[in-house]
Amino acid sequence: MEVDVSPELYTNLLEPRDSLAEESPFWFWQLILITTAWLHLHFHTPHRACTLLLKVLRHIFMCLSLVTAEDKVPVTLTTTFKHLGLNENFEIRAICPQCRRAYPEESPADLMCSHCAIPLFNTPPPPTSTAIPLLASTKPKTKKPRPVLQAPYLPLSSQIIEFLNREGNEVDCESYLRRTHVPGKMRDIQDGAICQSLKGPDGRKFFETDQTGRIQTSSESVFASAKTGELLSSCSHPALINSDRYRPRNLLLTSLAPGPHEETADELQHSFAATITDLVKLYDDGILVRTPKYPNGRRVRVALIAICCDHPAMCKVGGFSDHGSKKFPCPRCKITHDEIQTLAGLKVDGTLNLQTQWLDAWIKQPAALRKRTDTTTREIDHIHNYLNAVRGSLTADELKGMLLIFCPLIMPHIWDEWYPVAVADHERAKKSWKKNENTRLNRIAAGTDTSADRDGPAPPPKPIRMHQNDPDLLLKFSASMKILLAGTIDLQALPRAQQLLEDYLAALTSLKNHPDLVKPNFHYITHIFQIIRDFGPVYGFWTFLFERLNKLLKSYDTNNHGDGELEVMFFREFHRDANLREVVNSSINPHLGQITPIHRYRSSTRRTGSRDLLLRSDVSLKALV
Numbered sequence: 001m002e003v004d005v006s007p008e009l010y011t012n013l014l015e016p017r018d019s020l021a022e023e024s025p026f027w028f029w030q031l032i033l034i035t036t037a038w039l040h041l042h043f044h045t046p047h048r049a050c051t052l053l054l055k056v057l058r059h060i061f062m063c064l065s066l067v068t069a070e071d072k073v074p075v076t077l078t079t080t081f082k083h084l085g086l087n088e089n090f091e092i093r094a095i096c097p098q099c100r101r102a103y104p105e106e107s108p109a110d111l112m113c114s115h116c117a118i119p120l121f122n123t124p125p126p127p128t129s130t131a132i133p134l135l136a137s138t139k140p141k142t143k144k145p146r147p148v149l150q151a152p153y154l155p156l157s158s159q160i161i162e163f164l165n166r167e168g169n170e171v172d173c174e175s176y177l178r179r180t181h182v183p184g185k186m187r188d189i190q191d192g193a194i195c196q197s198l199k200g201p202d203g204r205k206f207f208e209t210d211q212t213g214r215i216q217t218s219s220e221s222v223f224a225s226a227k228t229g230e231l232l233s234s235c236s237h238p239a240l241i242n243s244d245r246y247r248p249r250n251l252l253l254t255s256l257a258p259g260p261h262e263e264t265a266d267e268l269q270h271s272f273a274a275t276i277t278d279l280v281k282l283y284d285d286g287i288l289v290r291t292p293k294y295p296n297g298r299r300v301r302v303a304l305i306a307i308c309c310d311h312p313a314m315c316k317v318g319g320f321s322d323h324g325s326k327k328f329p330c331p332r333c334k335i336t337h338d339e340i341q342t343l344a345g346l347k348v349d350g351t352l353n354l355q356t357q358w359l360d361a362w363i364k365q366p367a368a369l370r371k372r373t374d375t376t377t378r379e380i381d382h383i384h385n386y387l388n389a390v391r392g393s394l395t396a397d398e399l400k401g402m403l404l405i406f407c408p409l410i411m412p413h414i415w416d417e418w419y420p421v422a423v424a425d426h427e428r429a430k431k432s433w434k435k436n437e438n439t440r441l442n443r444i445a446a447g448t449d450t451s452a453d454r455d456g457p458a459p460p461p462k463p464i465r466m467h468q469n470d471p472d473l474l475l476k477f478s479a480s481m482k483i484l485l486a487g488t489i490d491l492q493a494l495p496r497a498q499q500l501l502e503d504y505l506a507a508l509t510s511l512k513n514h515p516d517l518v519k520p521n522f523h524y525i526t527h528i529f530q531i532i533r534d535f536g537p538v539y540g541f542w543t544f545l546f547e548r549l550n551k552l553l554k555s556y557d558t559n560n561h562g563d564g565e566l567e568v569m570f571f572r573e574f575h576r577d578a579n580l581r582e583v584v585n586s587s588i589n590p591h592l593g594q595i596t597p598i599h600r601y602r603s604s605t606r607r608t609g610s611r612d613l614l615l616r617s618d619v620s621l622k623a624l625v
């Protein structure tokens with residue numbers, strides 16, 4: 001059992017960041033600062049508008065004698081961020097534009113890339129004298145040299161300090177000590193073979209029940225945008241429940257690679273060098289952190305359980321060949337490129353096959369599910385009618401809902417009603433083609449043919465747009481995914497899921513269905529069963545968590561500058577947002593009940609009563625905010 005750190009190690013003890021960097025004597029002004037920062041981050045209120053708001057409110061409070069001219073209260077957004085402890089706490093590294101090697105922020109202005117021998121910083125412009133001497137600053141302006149290309153970086157070891165000191169996180173990190181394993185059931189990533197066999201630096205199991213201070217983390221790396229090509233890396237704790245894992249304060253964003261082009265595999269290794277070094281240090285040595293449970297400090301180690309990313313990023317991070325490789329298109333087996341087309345598969349996220357079934361097989365020409373015309377309703381209209389009852393209630397799992405609920409209920413009815421129509425249309429098209437072909441042959445025999453007749457027969461009619469057994473295949477696929485996408489996996493049900501999936505894949509690639517739609521992604525689903533045995537239910541390693549982070553970053557207001565400035569601003573706004581949410585959570589929520597007496601306060605003189613209330617010595621920021 002872990003004990004507090006000995007006193008001789010206090011010099012290396014890492015302290016959490018204070019939620020409020022500076023305590024204000026006016027609790028009401030602290031609330032105004034929090035509100036102003038929130039308006040800027042979430043409603044894109046400009047800096048000048050926030051400054052105007054603060055100055056106007058300060059003037060109003062001065063008129064009410066709540067503050068005086070001598071009282072120093074923040075009246076700009078910059079000082080507001082500093083006052084709330086939201087100032088920049090990450091490193092802006094200089095990046096070589098050619099090889100993407102990273103260099104520390106404090107590098108000299110004349111530093112050259114050690115590999116490419118090109119300058120890393122822009123030449124600063126010469127100082128210019130102002131035309132109005134009275135407006136000139138008395139202090140010499142010394143700006144840091146601006147890198148030619150820059151990228152933000154905040155090591156995981158620094159963020160763990162804040163992470164463990166947030167409410168409930170330390171207890172969740174030790175949840176594996178309290179859990180009980182149910183034979184034959186997989187409830188989370190701790191039931192997977194990887195966590196069961198993972199070794200620590202001392203050779204013992206990393207997650208032994210008599211060890212504490214060890215944290216599991218799932219690192220995810222995904223190409224956030226195909227348009228900009230920027231690569232971002234973050235870490236998350238799989239022990240947190242989903243609602244907590246999606247909170248910005250628990251998404252530990254470590255780096256953002258500058259766009260606009262995607263990094264190559266070699267460039268990516270240069271970008272991740274510092275992250276890998278930090279992870280090795282966290283695993284081998286750990287760090288000493290002061291936490292609520294251990295105020296004298298505890299040693300914390302981190303193990304990287306999985307790297308979860310899309311296929312292109314996986315190939316670059318892991319050094320695998322892409323699906324275009326002729327010899328090794330799959331990172332988990334030795335199947336060749338020619339063989340991969342013989343068995344349809346599915347990616348880890350089962351909804352991708354539903355997309356292929358829906359778009360390629362049913363929507364594209366020849367469309368099995370057609371749009372309405374001006375006078376005739378068709379298949380798509382009936383699907384809309386079925387889904388109209390749940391309109392607006394579909395969330396981020398809409399594809400999962402379609403796969404497991406809506407499509408299995410709707411598609412059999414659509415086929416019952418419209419498959420006979422498709423057969424009749426196909427027979428009519430064949431008869432029309434045969435009639436036109438006989439007419440062409442008769443004209444040739446009679447010598448009255450035209451040049452078009454001599455060009456050969458017309459193209460035959462398109463295949464029937466609806467396959468009779470498509471609903472049955474969809475039901476098999478849905479039944480298989482219902483087992484694989486469950487929150488708790490029943491190991492005895494996996495063979496049944498595998499059989500259903502194999503039947504679906506075999507029929508999908510048959511000559512009667514959609515053999516031309518087979519893609520390399522279809523093969524990867526064949527490995528899902530072993531992946532689940534290694535890592536537990538899919539919600540412990542799926543990449544939807546990263547889509548949440550991507551959405552958050554795109555919601556921030558940026559300057560759209562190049563050379564890495566856009567990524568730095570994304571990074572800055574994200575960490576400000578996460579820290580501000582923590583300020584609100586730790587400073588306001590625990591004391592909401594103590595604010596109630598304010599609304600009940602009454603005084604014979606309204607103005608004097610309000611002033612006395614706001615300036616009472618027993619009403620402090622800690623008691624009210």
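Residue numbering for the sequence shown follows UniProt numbering, starting at 1 and increasing by one per position. Heads up, the beta-carbon is just placed ideally off N, CA and C, and yes, glycines get one too. In this text the structure is predicted, and so the values were computed from the model without any measurement.
Assigned exposure category for residue i - 16 Cβ within 10 Å defines buried
i	result
T488	exposed
S432	exposed
E170	buried
P460	exposed
I405	exposed
R101	buried
P108	exposed
F43	exposed
P329	buried
V280	exposed
E417	exposed
V568	buried
V421	exposed
G297	buried
P520	buried
K199	exposed
C333	exposed
D188	buried
R290	buried
Own chain residues within Cβ distance below 6 Å of residue i, not counting five before or after
i	result
C63	none
F577	Reading off the sequence, residue 577 comes out as Asp, not Phe. The residues are L41 and P248.
T76	T51
Integer Cβ distance of residue i from residue j, believed to fall under 8 Å
i	j	result
I160	I287	7 Å
L84	V584	Not quite, the Cβ-Cβ distance comes to about 10 Å (not below 8 Å), so this is no contact.
W29	V73	5 Å
T254	T275	6 Å
A506	N469	12 Å between Cβ atoms; not a contact.
I335	H523	7 Å
Cutoff 7 Å; reference residue i; Cβ partners in own chain excluding five residues on either side
i	result
F61	V67
Y103	R93, A94, L111 and L120
K554	none
L240	D172 and N250
P292	N165 and E170
P412	P471
Cβ shell of residue i (< 8 Å), same chain only, five flanking positions each side left out
i	result
D110	P119 and F121
K185	D191, T488, I489, D490 and L491
E437	P457 and A458
Proximity of residue i and residue j at Cβ, strictly below 7 Å
i	j	result
R249	R572	no
F206	Y176	no
L57	I32	yes
K326	H311	no
P258	L149	yes
N579	L54	no
F541	L494	no
Y504	M466	no
I34	D534	no
Residues sharing a beta bridge with residue i, DSSP
i	result
P152	I92
K185	D490
I287	V300
Y103	A94
K326	K326 pairs with nothing; no bridge assigned.
F121	P147
K435	For K435, which the question treats as bridged, DSSP gives no partner whatsoever.
K205	K199
Residue-chain proximity (residue i, chain D), Cβ-Cβ < 7 Å
i	result
T488	Absent from the structure: chain D. Only one protein chain is present.
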